DNA sequence: ATATAATCATGCATGCATGTATGTAAAGTG
DNA sequence: CACTTTACATACATGCATGCATGATTATAT
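Protein chains in written order, with our numbering: chain P, 1 to 208; chain V, 209 to 416.
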């Protein structure tokens, strides 16, 4: 087989990305060779170098396909909670783990980012995507928290930056541990319990 | 130089471990060759293979030197808080981040475990050490929480397993993010704030 | 219908990393 | 003072993985 049709080409490209996602999330990035990816996709290495410049470009394209949950959080959350900032914040953070719980692609990609990819200079563009998504998430949460303070849901003495660090760390930690062993606990229940308890603590400190 | 004295041999072995710790935490494990480690320690690769079987043995020996904070937590915490389980739990979890904040070796090793080491079959023995430490930490915290319930600090309806997942995830997330950028926030303050707020939430739910 | 360009396969060159085998000179041992 | 072992250095063999260059064949455009 040579020169398949344009639609076929797109199909093989997608299969290459699928294979990369599977292998990287299963064996690790550095531990997976281009040859393994090609074989898993049913082609040779030549096909990869036709569609992608190199390994990093392959990874980058693979990431490009999925919207990281931190990104998706912002647009997805309903607007009708705007008069209840604290509930909005809770809903948005929960949306992150809900997306992760339901979408296998997100699971694979986040597994790669958290556990199957060394954080080194070579792979910096990969992690930039991760960091950028998290930073916008942090900024967004900070804004919502300030609204919560303005509306009296939290005391004026509350430190939004400090609170956001705690809440994002909580979600990150839950995701980190759940990806290590998804059978160990239910991520939705864990996130709800953690968020609700933490928010309850914030509100108690309001009245204190 | 050939055949230095026995004391010198121990010194070079220590320098090899130091070099490995520095390079692995800076460049990643898979991205660092035995030659780089040897050069950084001022010897050749032959020296490494004399002291260690292979790369994995080198990493394992490097980990063996430090006690992971989750391990250290158990023995270190004072016993006089035994009549206040909740305070004991808080102290123990805080001890983890305090050790991390103060000890550079712990910082390097945890950086490797969290960010500079792919979680793959080849490096499984490495992560086993991490997981084992965390599991004993979880078990210990669960016990303390049950005591807190018995003493009425928490309602009988509280789910210790659920609470532990949240608290450990919180600490994990804080460590994870702090290691990414230690300048971004103060880890002690963040951990205290997160723990206190969460515990306050637990207690509020007690009275509810 | 012809020229062009796309889609991949194949082969090669190169470099790097690992592991091992061997050499060597001094330290340890009696 | 033998002579054995230790602590490394040096050298080699091997295997991969990458990147590129080229080839083959057909879709596609004009």
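Think of the CB as a built atom: it goes at the ideal place given N, C-alpha and C, for glycine as much as any other residue. These numbers come from a predicted model, not from an experiment.
Below-7 Å beta-carbon distance, residue i vs any chain V residue
i, result
"residue 45 of chain P", "no"
"residue 53 of chain P", "no"
"residue 262 of chain P", "Because chain P in this structure spans residues 1 to 208, residue 262 of chain P falls outside the shown range and cannot be described."
"residue 177 of chain P", "yes"
"residue 146 of chain P", "no"
"residue 153 of chain P", "no"
"residue 66 of chain P", "no"
"residue 118 of chain P", "yes"
"residue 128 of chain P", "no"
"residue 202 of chain P", "yes"
"residue 188 of chain P", "no"
"residue 170 of chain P", "yes"
"residue 19 of chain P", "no"
Buried versus exposed call for residue i [16 or more other C-beta atoms within 10 Å across all chains shown]
i, result
"residue 384 of chain V", "buried"
"residue 157 of chain P", "exposed"
"residue 185 of chain P", "buried"
"residue 92 of chain P", "buried"
"residue 409 of chain V", "buried"
"residue 293 of chain V", "buried"
"residue 170 of chain P", "buried"
"residue 356 of chain V", "buried"
"residue 416 of chain V", "At residue 416 of chain V the pLDDT is 46, less than 50, meaning the model places this residue with poor confidence; the figure from the coordinates comes in the next sentence. By the neighbour-count rule (16 or more Cβ atoms within 10 Å), residue 416 of chain V is not buried but exposed."
"residue 397 of chain V", "exposed"
"residue 64 of chain P", "exposed"
"residue 209 of chain V", "With a pLDDT of 49 at residue 209 of chain V, under the threshold of 50, the predicted position of this residue should be treated as unreliable, though the coordinate-derived value follows. Residue 209 of chain V should be labelled exposed."
"residue 183 of chain P", "exposed"
"residue 290 of chain V", "exposed"
"residue 21 of chain P", "buried"
Proximity winner among the options, relative to residue i (alpha-carbon distances)
i, options, result
"residue 381 of chain V", "P/149, P/56 and P/191", "P/191"
"residue 122 of chain P", "P/34, P/56, P/19 and P/26", "P/56"
"residue 332 of chain V", "P/21, P/16 and P/27", "P/27"
"residue 339 of chain V", "V/352, V/355 and V/318", "V/318"
"residue 129 of chain P", "P/67, P/102 and P/47", "P/67"
"residue 217 of chain V", "V/240, V/367 and V/259", "V/259"
"residue 159 of chain P", "P/43, P/205 and P/32", "P/205"
"residue 165 of chain P", "V/290, V/229, V/369 and V/395", "V/395"
"residue 342 of chain V", "V/354, V/375 and V/315", "V/375"
"residue 240 of chain V", "V/354, V/311, V/358 and V/320", "V/320"
"residue 363 of chain V", "V/411, V/402 and V/389", "V/411"
"residue 403 of chain V", "V/347, V/310, V/387 and V/304", "V/304"
"residue 347 of chain V", "V/359, V/361 and V/369", "V/369"
"residue 295 of chain V", "V/387, V/215 and V/349", "V/349"
"residue 178 of chain P", "P/43, P/7 and P/108", "P/108"
"residue 389 of chain V", "V/309, V/262 and V/401", "V/309"
7 Å Cβ cutoff met for residue i and residue j
i, j, result
"residue 117 of chain P", "residue 29 of chain P", "yes"
"residue 59 of chain P", "residue 126 of chain P", "yes"
"residue 307 of chain V", "residue 270 of chain V", "no"
"residue 37 of chain P", "residue 14 of chain P", "no"
"residue 119 of chain P", "residue 313 of chain V", "no"
"residue 231 of chain V", "residue 219 of chain V", "no"
"residue 94 of chain P", "residue 144 of chain P", "no"
"residue 406 of chain V", "residue 5 of chain P", "no"
"residue 242 of chain V", "residue 256 of chain V", "yes"
Short CB-CB distance (under 7 Å) between residue i and chain P
i, result
"residue 239 of chain V", "yes"
"residue 257 of chain V", "no"
"residue 249 of chain V", "no"
"residue 236 of chain V", "yes"
"residue 320 of chain V", "no"
"residue 389 of chain V", "no"
"residue 372 of chain V", "no"
"residue 172 of chain V", "Lying before the first or after the last residue shown, residue 172 of chain V is absent from chain V, which here runs from 209 to 416."
"residue 232 of chain V", "no"
"residue 402 of chain V", "yes"
"residue 313 of chain V", "no"
Continuous alpha helix (DSSP H) assignments of at least 4 residues falling wholly in the segment 119-193 of chain P: Runs of alpha helix (DSSP H) with 4 or more residues, each lying fully within the segment 119-193 of chain P, are found at 124-150 and 160-180, listed in chain order.
Whole alpha helix (DSSP H) elements within the segment 84-116 of chain P, 4-residue minimum: As far as the segment 84-116 of chain P is concerned, its whole alpha helix (DSSP H) runs of at least 4 residues are 85-102 and 104-115.
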